[in-house]
Amino acid sequence: MVYRLQETANAVLGTGGDERRFTGSRPADGEGNGSFPVTSWVADDPDPIDPEAWSLAVSGLVADPLELESVEPDATRHALLDCTSGWYTVQEWQGVRVGDLLDDAGALEGASHVRFVSVTGYRWTLPIGEARDALLATRVGGEALSHGHGAPVRLVAPGRRGFQWVKWVVRVEVRDREDPAQWLVTLISGFDS
Ligand SMILES: Nc1nc2c(c(=O)[nH]1)N[C@H]1C(S)=C(S)[C@@H](COP(=O)(O)O)O[C@H]1N2
Ligand SMILES: [Mo]
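Position 90 of the sequence shown, counted from 1, bears residue number 89 in numbering that gives the first Met the number 0, the numbering being contiguous throughout.
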């Protein structure tokens, strides 16, 4: 019933219909920071990150842990960000391939997963093959990423839902296992207790 009413509203307003993805999400059109919403899963809302104070650690099952003070974008991907709150956007993201970082650090035998950790503690883990192909993005639609969208660096994980695209990344951890607790941590992230 609710669904029917929604369909009727869409017909009247001229929104929706064919443009919806199979997830139900509607498009946010345009390019760059201003063209799609800033969304947090629950209460994650860190202060803007001072790029001078920021660094990106690549650690865990690696031969040479890295501590990068900046990231030079040298890779581009068109990828679709689909938030469970009902919108999606296709953007050109620029950044570094996670695979290149792992090659620099030298992923060790047994490495099977890569965990991306936000300055807020929010985190998500991908199987290493998929992680290699993901991007740590510093730019969107030809612009430097804004704070709300995850500056200085956010994960771009093509094919994954928006909540897995970790913003404000400070650590990349190479691991030999999944991370069952990530659901809980992600849900409570941002709540002071
Ligand atoms: N650190 C952190 N990363 C996060 C979130 C969050 O709350 N904290 N929200 C996620 C959700 S639910 C979505 S849909 C996308 C939204 O990205 P955007 O704000 O750039 O649109 O970021 C994801 N990354
Ligand atoms: Mo989301």
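Glycine included, each C-beta is placed from N, C-alpha and C at the ideal position.
What you are looking at is a predicted structure, and each value in this text was computed from that prediction instead of being measured.
For residue 169 versus residue 79, is the C-beta distance shorter than 8 Å?
no
In angstroms with no decimal places, state the Cα-to-Cα distance between residue 65 and residue 71.
Between residue 65 and residue 71, the C-alpha separation is close to 15 Å.
So is the beta-carbon of residue 162 under 7 Å away from any non-hydrogen atom of ligand 2?
yes
Starting from the Cα of residue 185, find the closest Cα among 116, 172, 149, 99 and give me that residue.
116
Using the Cα positions of residue 111 and residue 32, report the straight-line distance between them to the nearest angstrom.
33 Å
Using the beta-carbon count (16 or more within 10 Å), is residue 52 buried or exposed?
exposed
So if DSSP puts residue 131 in a beta bridge, which residue, or which two residues, is it bridged to?
Note: residue 131 sits in no beta bridge, so no partner.
For residue 114, does the count of other Cβ atoms within 10 angstroms reach 16, so buried, or fall short, so exposed?
buried
Once you ignore the five residues that flank residue 94 on each side, which residues in its own chain have a CB closer than 6 Å to its CB?
Counting only Cβ-Cβ distances below 6 Å, and skipping sequence neighbours, we find 72, 134, 135, 136, 137.
Would the stretch 143–151 and the stretch 97–107 be scored as touching if the rule is three or more Cβ pairs under 8 Å?
In this structure the stretch 143–151 does not lie against the stretch 97–107, because fewer than three pairs of beta carbons, one per stretch, are closer than 8 Å.
Cβ of residue 165 within 8 Å of Cβ of residue 59?
Residue 59 sits away from residue 165, with the two beta carbons spaced by 8 Å or more.
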